[in-house]
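Protein chains: 2
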Amino acid sequence: MTLTELFVVVPAGGSGTRLWPLSRASNPKFLHALTGTDRSLLQATFDRLTPLAPPERLLVVTGTAHAAGVARQLPDLPDSNILVEPFARDSCAAIALAAAVIERRSPGAVMASFAADHLITDTDEFARTVERAVAGAREGYLMTIGITPTRPETGYGYLRLSAQAERGVIQPVLEFKEKPSLEVASRYVSSGSYLWNASMFVWRTDLFLAELAARRPDVAGPIAAIAAAWDTDEQEDVLAELWPTVPKVAVEYAVMEPAAEEGKVATVPGDFGWSDIGDFETVVRLLGTDVGQGGRSFSPATRSRAVVVDGEDVIVVPNSGRLVATLGVRDLIVVDTDDAVLVCDRDRAQDIKRLTEILREHGEADYL
Amino acid sequence: MTLTELFVVVPAGGSGTRLWPLSRASNPKFLHALTGTDRSLLQATFDRLTPLAPPERLLVVTGTAHAAGVARQLPDLPDSNILVEPFARDSCAAIALAAAVIERRSPGAVMASFAADHLITDTDEFARTVERAVAGAREGYLMTIGITPTRPETGYGYLRLSAQAERGVIQPVLEFKEKPSLEVASRYVSSGSYLWNASMFVWRTDLFLAELAARRPDVAGPIAAIAAAWDTDEQEDVLAELWPTVPKVAVEYAVMEPAAEEGKVATVPGDFGWSDIGDFETVVRLLGTDVGQGGRSFSPATRSRAVVVDGEDVIVVPNSGRLVATLGVRDLIVVDTDDAVLVCDRDRAQDIKRLTEILREHGEADYL
């Protein structure tokens, strides 16, 4: 089996609010070097995927604010493979647009979709897992690559299988589960028959578009018309007319959950050192180094320093060239950027999104 | 009585380590606008003193690193009134040098000496108190202006009087007391016969120099030779030869304490809203405004913003133009400057000096 006909789609959206002030609406996390190298998350994603599909068959779907950033960071990506949404309409619209454009360019192709802001340490195993998922897609399944859970995480959705997950083995997905409570998550993980949903999808574009058309004609209709005009001189007019009519809905909710109920969804359990770079705890746990007394630090630009004196469980993310020093503090996250500084209790890290809303109310939207 | 013959000396030294990273060796606190206006502490001191002595009779003693800063901040001060020490030799050397230069320029003058980094709210009462101290100096006393204590402060030395302090009345000083314990300080304050020593001195320069010569010829000798060469083409050679030989000693220890034992020191209790801008607590208590939920902030340059969400007793000193946001933290001091950020437990504020020593050990002396 080869991956010759595989297309890869990378939805690159979301501002990464829980990483504020590092991640901004104008400079979202996927453009940052949160990888332990000087490559951005998007570039690392590109590097990981181009062995599976050359740049000619790799498409990035992004927003108007980030089209230039994507283009500059990925010079090998053809212009026509950067699909720019006029404004965000959630994941179903982004993925359906890519599927429809691919289907138009290469009918009956297989496409795989991976987020722009995940880290994967074992790229060989990742590639093998994708190959298996492609095999499942050729058999007609809407495939998802589920992640073998390593902890009872409450921040992700889960996939329920009919049996114990087996690495590398195609298995039916019975159900998509929303983010669970800690108790429920613990039960999921100990059962061995649940996987994390990392929104990694592999399918034949014609089958996906047919499922979409059957279930959500309100999405499929305008997307089909937009795709028909794509790469023509009518693209902009059609986008302007129809894009605002596309409903905002997640692809899981619109297609995958109902399809799973009908036995059309399968998964390949993946175990390749996957991480969602969603918050500072994760960033510093994965990429940081111990600094001083009781501190751990990660500087994306590797140009800033942290000094922690008499600290305990202090996380420092210096990213402005400045020195960040802490004295006698504990359980803090300190993030330093060129125009804003955050000092946050570690237990409140999930509320950073709320803080950004308060800043907006205070007229500080320039900092978001 | 007039102050026609009064000379005023402002020793402008010390880097204000407890205000790091706001105050630096290269940019010490007296050059900062820690006054609630755009005037620096030094400029506010100048403004307060020029009604007592015109710039021609006002001398600033400072170090090589700050001569330019002093000159730029005080354009009305004659060049020849900026006495630049080759390196710091403690307060006795600085004050004796000024006294000797004044005595050479105007024999038998009265001089008053005030620190460059104190805040005084009632300048009229301050001026009246100085006038009374000048009267005491003319009577032959080595005068000090003691501050009526408002709390059992353990960070200052105290003056012991023979009786209850009376505002505006010249009274003998029996003894200079070192910084006391809290218990002792409480006893001092409740007794009513102790004043804070703010190192404000007023005396006839000839009498001070005679006391110095009698008690510390090792200081008086080289200072006399240096002063004799001052304003001549030999000044630099004599400074180079003799300044390194001047012992490092505080003027209280060298002159005032032994003179007090002989009944030669008196004080005028002062009550004019005096503050020592020694730490962030004081800065923000005196000059700050409440921000957000549980925060208090002071921005010396009034160009930076702080947003405190779900905070408690949070002190923010933003001074780089950036936004500083805190979320869910308490009892913290956050200081933001152009090249360094400090996050410090409030109970550890007195250890900031230690932190700067650690930074030096870590090779971060550039930030000091």
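Taken in sequence, the protein lines are chains A and B.
By the count of full-length UniProt numbering, the first sequence reaches residue 368 at its end, each step adding exactly one.
By the count of full-length UniProt numbering, the second sequence reaches residue 368 at its end, each step adding exactly one.
The beta-carbon is built from N, C-alpha and C at its ideal position, and this holds for glycine as well.
Exposed unless 16 or more other CB atoms sit within 10 angstroms - verdict on residue i
i: B:Q350; result: exposed
i: A:V169; result: exposed
i: A:R360; result: exposed
i: B:K29; result: buried
i: A:P86; result: exposed
i: B:L49; result: buried
i: A:A199; result: Before going on, a small fix: residue 199 of chain A reads as Ser here, not Ala. Answer is buried; the Cβ neighbour count reaches 16.
i: A:D310; result: buried
i: A:D290; result: exposed
i: A:S91; result: buried
i: B:E103; result: buried
i: B:L182; result: exposed
i: B:T35; result: buried
i: A:A259; result: buried
i: residue 382 of chain B; result: Residue 382 of chain B is absent from the model: chain B starts at 1 and stops at 368.
i: A:A100; result: buried
i: B:A163; result: exposed
Residue i versus residue j - alpha carbon distance
i: A:Y158; j: A:S190; result: 13 Å
i: A:V329; j: A:E312; result: 7 Å
i: A:P300; j: B:G288; result: 34 Å
i: A:L239; j: A:V219; result: 13 Å
i: B:M1; j: B:V255; result: The predicted model places B:M1 with a pLDDT of 42, which falls under 50 and marks its position as unreliable, so this point remains unresolved.
i: A:Q293; j: B:L327; result: 23 Å
i: A:V70; j: B:V61; result: 58 Å
i: A:P156; j: A:K179; result: Checking the sequence shown, residue 156 of chain A turns out to be Tyr, not Pro. Their backbone Cα atoms lie some 5 Å apart in a straight line.
i: B:L58; j: B:R215; result: 27 Å
i: A:L83; j: B:S304; result: 39 Å
i: B:L119; j: B:A266; result: 23 Å
i: B:D122; j: B:R132; result: 16 Å
i: B:S23; j: A:R151; result: 47 Å
i: A:V9; j: A:G16; result: 20 Å
i: A:L161; j: A:V202; result: 17 Å
i: B:E139; j: B:C344; result: 49 Å
i: A:G295; j: A:D339; result: 23 Å
i: A:L174; j: A:L6; result: 26 Å
i: residue 453 of chain A; j: A:L19; result: Residue 453 of chain A is absent from the model: chain A starts at 1 and stops at 368.
i: A:K177; j: A:Y253; result: 10 Å
i: B:F114; j: B:P11; result: 7 Å
Simplified DSSP state of residue i, which is helix, strand or coil
i: A:R82; result: According to the sequence shown, residue 82 of chain A is Ile rather than Arg. DSSP places A:I82 in strand when its eight states are reduced to three.
i: B:E131; result: helix
i: A:S91; result: helix
i: A:P318; result: strand
i: B:I352; result: helix
i: A:I358; result: helix
i: A:A68; result: helix
i: B:A53; result: coil
i: B:T2; result: Reliability fails at B:T2, whose pLDDT of 49 lies under 50, so the model's placement of it is uncertain and the value that follows must be treated cautiously. Three-state result, B:T2: coil.
i: B:V9; result: strand
i: A:T35; result: coil
i: A:E153; result: coil
i: B:T282; result: helix
i: B:V101; result: helix
i: A:G136; result: helix
i: residue 370 of chain A; result: This structure does not reach residue 370 of chain A, given that chain A is present from 1 up to 368, and the question cannot be answered.
i: B:L74; result: coil
i: A:L22; result: coil
i: B:T45; result: helix
i: A:D366; result: helix
i: A:T62; result: strand
i: A:D313; result: strand
Residues that DSSP places opposite residue i in a beta bridge
i: B:I120; result: B:W274
i: A:A325; result: A:V307 and B:L342
i: B:V265; result: B:L142
i: A:A112; result: A:V8 and A:V202
i: A:R160; result: A:E175 and A:Y194
i: A:T289; result: A:S297
heavy atom of the ligand PLP below 6 Å from residue i C-beta
i: B:L287; result: As for the ligand PLP, it is missing from this structure, which has no ligand bound.
Near-chain D residues of the stretch 321–335 of chain B - C-beta to any C-beta below 8 Å: Of the chains in the structure shown, none is chain D; the protein chains are A and B.
Let me know the beta strand (DSSP E) ranges lying completely inside the stretch 169–248 of chain A, each 3 residues or longer, listed in chain order. 171–177 and 194–204
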